[in-house]
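Colleague: The structure that follows is given in the form of structure tokens.
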Amino acid sequence: DKYNLIGVGPLIPSDSLDGKVPSDKSFGGDLFQKSKDSWYLEWLNSKPEGSVIYVSFGSISVLEKAQMEEIAKALLDCGRPFLWVIRDKVEKKGDGNEAKKEEEMLSCREELEELGRIVPWCSQVAVLSSPSLGCFVTHCGW
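Residue numbering for the sequence shown follows this note's numbering, starting at 50 and increasing by one per position.
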């Protein structure tokens with residue numbers, strides 16, 4: 050039987066459900082233009098199974114610097130590889146210049162880059178499909 054349905058909310062590609070279309074890795078709901086650079090997937094897939102922490106708070110939420118510093122400290126304390134999505138945040142200052150991006154303002158940026166990767170965008174479906182993924186830290190919101 051077929052049902053006339055309209056999907057509302059996050060949708061799941063078919064390969065996550067029944068595998069009928071293995072090449073269907075996108076649900077077409079990205080708010081931002083996809084990056085053509087997928088080096089983060091190569092890095093992710095080079096890690097042992099179940100070892101990587103994926104940190105992403107969505108496309109809209111913006112964390113305060115103090116919150117980001119706490120997350121950074123926790124990631125360093127864990128000592129596990131991680132993939133952290135921090136949107137590019139460029140603000141115009143009153144003089145017309147741009148303020149530093151939020152990710153560049155982390156006090157422990159160099160230490161973080163030794164252990165994991167920080168990206169401005171990634172394919173969440175591809176990351177969540179990776180066998181290397183062990184944990185997903187998110188706001189669980191929509």
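Here a beta-carbon is modelled for each residue, glycine too, at the ideal position from N, C-alpha and C.
Here the structure is a predicted model, which means the values were calculated and not measured.
Assuming the contact rule is C-beta atoms closer than 8 angstroms, Val168 and Leu132 should be a hit. Round their C-beta distance to whole Å, please.
Modeller: Right, the Cβ-Cβ distance comes to about 7 angstroms (below 8 angstroms), so this counts as a contact.
Colleague: By alpha-carbon positions, which one of Val186, Thr187, Glu162 and Ser179 ends up nearest to Pro97?
Modeller: Ranking the options by Cα distance to Pro97, first place goes to Ser179.
Colleague: How big is the Cα-Cα spacing for Glu152 and Leu90?
Modeller: Bear in mind that a pLDDT of 49 at Glu152, under 50, signals an unreliable position, so the model cannot answer this.
Colleague: Checking 9 angstroms against the spacing of the C-beta atoms, do Leu182 and Gly99 come in under that value?
Modeller: Going by C-beta atoms, Leu182 is nearer than 9 angstroms to Gly99.
Colleague: With a Cβ-Cβ cutoff of 9 angstroms, do Val134 and Val174 count as a contact?
Modeller: It is not a contact, given that the beta carbons lie outside the stated cut-off.
Colleague: Below 6 angstroms CB to CB, which residues in the same chain sit around Val176 once its five sequence neighbours on both sides are set aside?
Modeller: Within the same chain, Val176 has close Cβ partners Tyr103.
Colleague: CB-CB under 8 angstroms to Trp92, same chain, minus the five flanking residues each way: which ones, in chain order?
Modeller: If we look at Trp92 and ignore the five residues flanking it on each side, its Cβ neighbours are Leu132 and Arg166.
Colleague: Here's the rule I'm using: 16 or more other beta-carbon atoms within 10 Å means buried, otherwise exposed. How should Trp170 be labelled?
Modeller: When all chains shown are included, Trp170 counts as buried.
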